[in-house]
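**Q**
Residue numbers (this note's numbering): 20 to 691.
1. Any contact between the segment 256 to 268 and the segment 231 to 245? By contact I mean 3 or more CB pairs, one from each, below 8 Å.
2. Using the Cβ count rule (16 or more neighbours within 10 Å means buried), how would you classify residue 350?
3. Excluding the five sequence neighbours on either side, which residues of its own chain have a C-beta within less than 7 Å of the C-beta of residue 491, listed in chain order?
4. Would you call the segment 377 to 389 and the segment 519 to 530 in contact, with 3 or more CB pairs under 8 Å?
5. Residue 605 bridges to which residues according to DSSP?
6. Looking at the structure shown, is residue 151 part of a helix, part of a strand, or coil, going by DSSP?
7. Return yes when the Cβ of residue 439 is within less than 8 Å of the Cβ of residue 147, no when it is not.
8. Run the CB neighbour count on residue 215, radius 10 Å, all protein chains shown included, and call it buried at 16 or more, exposed below.
9. Check for me: the beta strand (DSSP E) holding residue 427 runs from which residue to which?
10. Along the alpha helix (DSSP H) that carries residue 353, what are the first and last residues, could you check?
11. Would you report the Cα separation of residue 680 and residue 489, rounded to the nearest angstrom?
12. Going by the CB atoms, is the gap between residue 571 and residue 510 shorter than 8 Å?
13. Check whether the segment 507 to 522 touches the segment 177 to 193, counting contact only when three or more Cβ pairs, one atom from each stretch, lie closer than 8 Å.
14. Would you kindly check if the distance between the Cβ of residue 435 and the Cβ of residue 464 is under 8 Å?
15. According to DSSP, is residue 210 helix, strand or coil?
16. When you compare the segment 86 to 96 with the segment 110 to 130, are there three or more beta-carbon pairs, one atom per stretch, that lie closer than 8 Å?
17. Here's the rule I'm using: 16 or more other beta-carbon atoms within 10 Å means buried, otherwise exposed. How should residue 318 be labelled?
18. What is the rounded straight-line gap between the Cα of residue 102 and the Cα of residue 441?
19. Per DSSP, which residues does residue 453 bridge with? Please list them.
20. Can you give me the start and stop residues for the beta strand (DSSP E) that residue 176 sits inside?
21. Do you know offhand how far residue 79's Cα is from residue 72's?
22. Thinking just about the alpha-carbon of each residue, which of 431, 267, 404 and 394 is nearest to the one in residue 7?
23. Is residue 501 helix, strand or coil when you go by DSSP?
24. Is the separation between the beta-carbon of residue 144 and that of residue 615 shorter than 8 Å?
25. Can you give the Cα-Cα distance for residue 647 and residue 504, rounded to whole angstroms?
26. For residue 20, which residues in the same chain have their Cβ closer than 7 Å to its Cβ, ignoring the five residues on either side in sequence?
27. Short check: CB of residue 74 to CB of residue 83, under 8 Å?
28. Count Cβ pairs between the segment 43 to 52 and the segment 266 to 274 that sit closer than 8 Å; are there 3 or more?
29. Quick check on this structure: which residue in 253, 609 and 311 has the alpha carbon closest to the alpha carbon of residue 42?
30. With a floor of 4 residues, list each alpha helix (DSSP H) that falls wholly inside the segment 609 to 635, ordered by position along the chain.
31. So residue 582 packs on residue 380, CB below 8 Å; how close in whole Å?
32. Could you check where the beta strand (DSSP E) with residue 86 kicks off and where it finishes?
33. Nearest-angstrom Cα distance between residue 675 and residue 656?
34. Between residue 81 and residue 341, which are expected to be in contact by the criterion C-beta below 8 Å, what is the C-beta distance as a whole number of angstroms?
35. Exposed or buried, what is residue 294 when buried is set at 16 or more other beta-carbons lying within 10 Å of its beta-carbon?
36. Which residues bound the beta strand (DSSP E) around residue 654?
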């Protein structure tokens, strides 16, 4: 591809087609963001027609380039590109923009629209996803590329906005990308100088180019409406091998709109019928027909699809030869993209820690070593807390600047960035990623966790130091509301295991689950082995709750429901209550959302019928428990912040001792 084959007239026609497909769809919906599609269409046209490799007939082709529209509010630009490029996004789909059950929602949604690589909208998250995808590709290249054929040479491209780069998550992930020398990542910054409240100078006066140079990026500044400059910048960026690239494209938001270009008003509202007409007239576009696509543009993209199909077929030809020459790698490749786990995974993980005592974070570390030996595409790390969270894979090497053959990732003190990068790694398709920090800092990751749940992708979170038992570090480091806050996110499975076996099975669940993220909630302090009256099975665990200790006559008057370290406390309280003549059952409920998904008959078999008195014991807020045990239950929980003191003193102060719990229950029973 050379500069002199640049057909500017055709590119201008394509760009204007993109502009007015977007404008017409937004006008028809009476909702949307026309400013970015109008301003970004020129460089988007160059990128998608000259640099991006994909095949709409095989949208999940592993060798494709990845494209992320981090500025997800500009979704109609992406939908127009997908339609013209031949993905299963019809003209009728464009006309159904922002309508119920359409393929063209207000912001791009992974799994809903073919060709959309990630769900974007919360600004900055897509940028981090792109960094994660680039890291994932580098790790694959380090394992699978060979002199005879390299199956992983693709790149990651992203369009990012002023808002993306204002959000703190972009600073964290840009820093990581620069440090790792991600030469396979190119981001185009749509530098239009406008936000909703006015000019960016109101809040954003830094030199973005110098900021990214300081991160270690290769930076270029261009006119985002000059096809020669756009093409040259992309050619230079894709030649980089030792640094990610940022192209600062100076654009005009709402380009071509006579009355709204370069104004905040064009960001997030339809142009209006009269301004649509004026904009089309200004850019020489036919006024009569909405959703107009010139025949020349249709023909160009038809021919382009043939070229891209040949690119894929050439890749597949080389790949098939590579498979034949490297049978060991071929098996591993299929295993990676299948995200396969051994059928006896749960049994093997339990065996690794059966009978073990200790903090569940330490037991988790032992389980992780076993899991890593069984699942070679399991990778992850922590936000500079591995010695505490026990999340390093032994003898597996680290990922670092230009080095991607390891399995241990050092995110630094960057929980925001870690969350979005984990999503990008998972979305790439071949890795099972995990990330770890103290539970109290999971709040920093909430936007990324929510998006992982929305997308239904496999990410594992290892959250340790899970209660006031953290002790002397005090209330800033003692989670109280975090477990409940995670539980209420739809499609997040939160598991708080009570001992070694539950910890192993929690990991097995997370590794087997492919349709959403799983959060493991682990203790700082040691817990004993639960002396169960019946062996814990995978089938029982996967229902979210099990009976740990049954009432002597099998007909409990009181059911104590607990999680994590409080299960042992419940067992101690049971013994004391039995001395008082009560029939008591203890239930461990590590995964309350799983339990709620079980049939009512099973729930009653665990919790008892409506006549059974129920008690919840958990060192956190009570807000998610009433829907499980009923509002008339006794909640021995912590609905306040913690304090700085040794854990033993705090347990006594907050009433989390066997004697204090027993007395609370007796008083409650007596008052009934």
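For every residue, glycine included, the Cβ atom is placed at its ideal position computed from N, Cα and C.
What you are looking at is a predicted structure, and each value in this text was computed from that prediction instead of being measured.
**A** The structure says:
1. As far as the Cβ criterion goes, the segment 256 to 268 touches the segment 231 to 245, which means the pair count is three or higher.
2. Stepping through the chain shown from its first residue, residue 350 is reached at position 331. By the C-beta density criterion, residue 350 is exposed, having fewer than 16 other C-beta atoms within 10 angstroms.
3. Stepping through the chain shown from its first residue, residue 491 is reached at position 472. Here the set comprises 663, 664 and 665.
4. Yes: at least three Cβ pairs fall under 8 Å.
5. Walking along the chain shown from the start, residue 605 turns up at place 586. According to the DSSP secondary-structure assignment, residue 605 is paired through a beta bridge with 568 and 579.
6. As a position in the chain shown, residue 151 is number 132, starting the count at 1. Look at residue 151 here: in three-state DSSP terms it is helix.
7. Position 128 of the chain shown, counted from the first residue, corresponds to residue 147. Position 420 of the chain shown, counted from the first residue, corresponds to residue 439. Cβ distance < 8 Å, so residue 147 and residue 439 count as in contact.
8. Reading the chain shown from its first residue, position 196 is the one you call residue 215. By the Cβ-count criterion, residue 215 is exposed, with fewer than 16 other Cβ atoms from all chains shown falling within 10 Å of its own Cβ.
9. As a position in the chain shown, residue 427 is number 408, starting the count at 1. Element bounds for residue 427: 427 to 429.
10. Residue mapping note: residue 353 aligns to position 334 of the chain shown, counting from 1. Looking at the DSSP string, the run of the alpha helix (DSSP H) that includes residue 353 is 346 to 357.
11. Numbered from 1 along the chain shown, position 661 holds the residue referred to as residue 680. Numbered from 1 along the chain shown, position 470 holds the residue referred to as residue 489. The alpha-carbon separation between residue 680 and residue 489 amounts to approximately 20 Å.
12. Locating residue 510 in the chain shown gives position 491, counting from the first residue. Locating residue 571 in the chain shown gives position 552, counting from the first residue. No, the Cβ-Cβ distance between residue 510 and residue 571 is not below 8 Å.
13. They do not touch, by the three-pair rule.
14. On the chain shown, residue 464 is found 445 positions in, with the first residue counted as 1. On the chain shown, residue 435 is found 416 positions in, with the first residue counted as 1. A contact, by the Cβ cut-off of 8 Å.
15. Here residue 210 refers to the residue found at position 191 when the chain shown is read from its first residue. Residue state, collapsed to three classes: strand.
16. Counting C-beta pairs with one atom in each stretch, the segment 86 to 96 and the segment 110 to 130 have three or more that are closer than 8 Å, which means they touch.
17. Position 299 of the chain shown, counted from the start, is the residue given in the question as residue 318. Looking at its Cβ environment, which holds fewer than 16 other Cβ atoms inside 10 Å, residue 318 is exposed.
18. Here residue 102 corresponds to residue number 83 of the chain shown, with the count starting at 1. Here residue 441 corresponds to residue number 422 of the chain shown, with the count starting at 1. Roughly 29 Å separates the two Cα atoms.
19. Locating residue 453 in the chain shown gives position 434, where the first residue counts as 1. As computed with DSSP, residue 453 is found in a beta bridge with 399 and 479.
20. One-based indexing of the chain shown puts residue 176 at position 157. In this chain, the beta strand (DSSP E) harbouring residue 176 covers 175 to 180.
21. For the purposes of this step, residue 79 is identified with residue 60 of the chain shown, where counting begins at 1. For the purposes of this step, residue 72 is identified with residue 53 of the chain shown, where counting begins at 1. In a straight line, the C-alpha of residue 79 is about 12 Å away from that of residue 72.
22. It is not possible to answer for residue 7, since the shown part of the chain is limited to 20 through 691.
23. By one-based count along the chain shown, residue 501 stands at place 482. In the structure shown, residue 501 sits in a helix (DSSP, three-state: H, G or I).
24. Position 125 of the chain shown, counted from the first residue, corresponds to residue 144. Position 596 of the chain shown, counted from the first residue, corresponds to residue 615. For residue 144 and residue 615, no; Cβs fall outside 8 Å.
25. Within the chain shown, residue 647 is the residue found at index 628, counting from 1. Within the chain shown, residue 504 is the residue found at index 485, counting from 1. Per the coordinates, the alpha-carbon of residue 647 lies some 16 Å from the alpha-carbon of residue 504.
26. Taking the first residue of the chain shown as 1, we reach residue 20 at position 1. Annotation note: pLDDT 46 at residue 20 (below 50); position unreliable, coordinate value reported separately. 69, listed in sequence order.
27. As a working note, residue 74 is residue 55 in the chain shown. As a working note, residue 83 is residue 64 in the chain shown. In contact: residue 74 and residue 83 (Cβ atoms closer than 8 Å).
28. No, they do not touch.
29. Numbered from 1 along the chain shown, position 23 holds the residue referred to as residue 42. Selection 253, 609 and 311 evaluated against residue 42 yields 311 as nearest (Cα-Cα).
30. Within the segment 609 to 635, the runs of alpha helix (DSSP H) at least 4 residues long that lie entirely inside it are, in chain order, 611 to 615 and 619 to 626.
31. For the purposes of this step, residue 582 is taken as residue 563 along the chain shown, with counting starting at 1. For the purposes of this step, residue 380 is taken as residue 361 along the chain shown, with counting starting at 1. Taking the Cβ atoms as the reference, residue 582 lies roughly 15 Å from residue 380, outside the contact range of under 8 Å.
32. Numbered from its first residue, the chain shown carries residue 86 at position 67. Where residue 86 is concerned, the enclosing beta strand (DSSP E) stretches over 85 to 88.
33. Within the chain shown, numbered from 1, the residue matching residue 675 stands at position 656. Within the chain shown, numbered from 1, the residue matching residue 656 stands at position 637. A straight-line Cα-Cα distance of about 9 Å links residue 675 and residue 656.
34. Numbered from its first residue, the chain shown carries residue 81 at position 62. Numbered from its first residue, the chain shown carries residue 341 at position 322. No, residue 81 and residue 341 are not in contact; Cβ-Cβ is about 12 Å, not under 8 Å.
35. Taking the chain shown and counting its residues from 1, the one referred to as residue 294 is at position 275. Buried: at least 16 other Cβ atoms inside 10 Å.
36. In the chain shown, counting from the first residue as 1, residue 654 sits at position 635. Annotation: the continuous beta strand (DSSP E) that includes residue 654 extends over 653 to 655.
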